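**Student:** The opening residue of the sequence shown carries number 7 in the working numbering; numbering runs sequentially from there.
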Amino acid sequence: MFGRWLRNRGTTGAPRGNALAGLEMPRNAGVLSCRVLDPVDEAVQQAEFVVTDSAGRKVLGGETDPYGNILATVPAGEYRLAVTAEGFTPFHGAAVVVEGGHAGLGDVTLQISAPPQLPRPGEWEVEPMHSQIGFTARHIGLARIHGRFNNFAGAVRIGERMEDSAMHVVIDAASIDTNVQMRDDHLRSSDFLDVGRYPTMEFYSDRFVHRGGTRWNVTGALTLHGVSRTVTLDTQYLGLGSGLEGETRAACRATTELHREDFTLTWQTMLARGIAAVGSSISIDLDIQIVPKAGTFPPSGQGR
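1. Can you find at least 3 beta carbon pairs, one from the stretch 130-144 and one from the stretch 285-301, that sit closer than 8 Å?
2. Would you identify the three-state DSSP class for Ala227, choosing helix, strand or coil?
3. According to DSSP, is Leu193 helix, strand or coil?
4. Can you tell me which residues form a DSSP beta bridge with Ala49?
5. Quick one: grab the DSSP three-state call for Gln187.
6. Please tell me whether Phe55 and Ala101 are closer than 8 Å, where the distance is taken between their beta carbons.
7. Within this structure, are the beta carbons of Val201 and Ala172 separated by less than 8 Å?
8. DSSP three-state label for Arg126, please.
9. What residue does the beta strand (DSSP E) around Ser211 start on, and which one ends it?
10. So, with DSSP's three-state summary, where would you put Asp291?
11. Using a threshold of 8 Å, state whether the C-beta atoms of Leu38 and Val57 are closer than that.
12. Which residues share a DSSP beta bridge with Ser248?
13. Please classify Met188: is it buried, with 16 or more other beta-carbons within 10 angstroms of its beta-carbon, or exposed?
14. Which whole-angstrom value describes the C-beta separation of Leu246 and Ala260, a residue pair presumed to lie in contact below a C-beta threshold of 8 Å?
15. In chain order, what residues of the same chain have a beta carbon less than 7 Å from the beta carbon of Tyr204, not counting five sequence neighbours either side?
16. When the Cα atoms are used, what is the spatial distance from Asp191 to Ser286?
17. Short check: CB of Val297 to CB of Glu131, under 8 Å?
18. Roughly how many angstroms separate the alpha carbons of Tyr85 and Leu66, rounded to a whole number?
19. Bridge partners for Asp200 per DSSP, in chain order?
20. Quick one: residues in its chain with C-beta nearer than 8 Å to the C-beta of Lys299, no 5 flanking neighbours on either side, listed in chain order?
21. Could you give the distance in angstroms between the alpha-carbon of Glu166 and the alpha-carbon of Ser60?
22. Consult DSSP for Ala82 and reduce its assignment to one of helix, strand or coil.
23. Please determine, among Pro45, Gly110 and Pro81, the residue with the shortest C-alpha to C-alpha distance to Lys64.
24. According to DSSP, Phe97 sits in a beta bridge with which residue or residues?
25. Helix or strand or just coil, what does DSSP make of Arg167?
26. In this structure, how does DSSP classify Arg63 when only helix, strand and coil are distinguished?
Here it is in structure tokens:
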């Protein structure tokens, strides 16, 4: 959590007269620290930080602790510290760490960032040329297999309140693509997706929940292999933009995890030592762009 904790690796003493007194650190190393606060002086927990050296190379990274602290031992030298947290503008600072010294940046106050503009209420549709529905599965307990679905369509109704929005996505199961023909044919067979009986997968949302900043939970029913289960998409809204022809676009990124057994996708082959050929959990990654449905909005204006 703190990066590299002070460890008993050398003979150089830690700074005196503070909480680090009496601790030892590696030779040629020093301590870099700060406390990350919000504008009302509350600790920002799980803010992400990255420390880079004078050449721009990442030295370490991590998250602030429950008190907003960052504490790390690094070789003596010049460093840049970047701190980011959902809903806040990033912080960038510099520090010089000397051998046996403590470079304390003190209290770092993050400023609240303006949230991205939301899409206009009305009818939108997924733009498949600039969207992707991908997945990752574990193979033989070691490697990861990546794939995607090439054919899909979706409609999004943006409500007057974003929380009242809804979406419907249909995926062509036969369009599964892992870049290996034999494997894709097996995935389409009755051992897995059984596309002859279940040609499509569908997702109907039933609620949008704002988690703060740009984060949303989109919860709904996923129907796969003839079975419907409730799933939640951990979604980051990326904002509005304009395409090459001046069209309005909104974008988001979303992830979730599915368990094959929940959808009766139970085919399995066990390898030596009881290792499964195909993992039970499937990670789903979506990069989605939506555009206004044709004829829905006048050309002027992008968002609310």
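Yeah, the Cβ is synthetic: ideal placement off N, Cα and C, and Gly gets one too. None of the values given here were measured: they were computed from a predicted structure.
**Tutor:** In short:
1. In short, these stretches touch, since the Cβ pair count reaches three.
2. Of the three classes helix, strand and coil, the one that applies to Ala227 here is strand, per DSSP.
3. The answer is helix: DSSP assigns Leu193 an H, G or I state.
4. Paired residues: Leu43.
5. Gln187 falls in the helix class under three-state DSSP.
6. Taking 8 Å as the cut-off, the Cβ atoms of Phe55 and Ala101 do not count as close.
7. No, the pair does not count as a contact, with Cβ atoms beyond the cut-off.
8. If DSSP states are grouped into helix, strand and coil, Arg126 belongs with coil.
9. Counting along the chain, the unbroken beta strand (DSSP E) around Ser211 starts and ends at Thr206 to Gly218.
10. Looking at Asp291 - three-state DSSP - the assignment turns out to be strand.
11. Between Leu38 and Val57, the C-beta gap is smaller than 8 Å, which places the two residues in contact.
12. BP columns for Ser248 point to Thr254.
13. With fewer than 16 Cβ atoms within 10 Å of its Cβ, Met188 is classed as exposed.
14. About 17 Å separates the two Cβ atoms, so there is no contact after all.
15. Apart from sequence neighbours up to five positions away, the residues of its chain that approach Tyr204 with a beta-carbon distance below 7 Å are Ala179, His231 and Gly232, ordered along the chain.
16. Rounded to the nearest angstrom, the two C-alpha atoms are 20 Å apart.
17. Contact: yes.
18. Cα to Cα, the separation comes out at about 11 Å.
19. Asp200 pairs with nothing; no bridge assigned.
20. Residues Gly128, Glu129, Trp130, Glu131 and Ala161 of the same chain have their beta carbon placed closer than 8 Å to that of Lys299, with the five preceding and five following residues left out of the count.
21. Looking at the two C-alpha atoms, the distance is approximately 49 Å.
22. Coil.
23. The alpha carbon of Lys64 has as its nearest neighbour, out of Pro45, Gly110 and Pro81, the alpha carbon of Pro81.
24. Answer is Val89.
25. Coil.
26. It is coil, neither helix nor strand.
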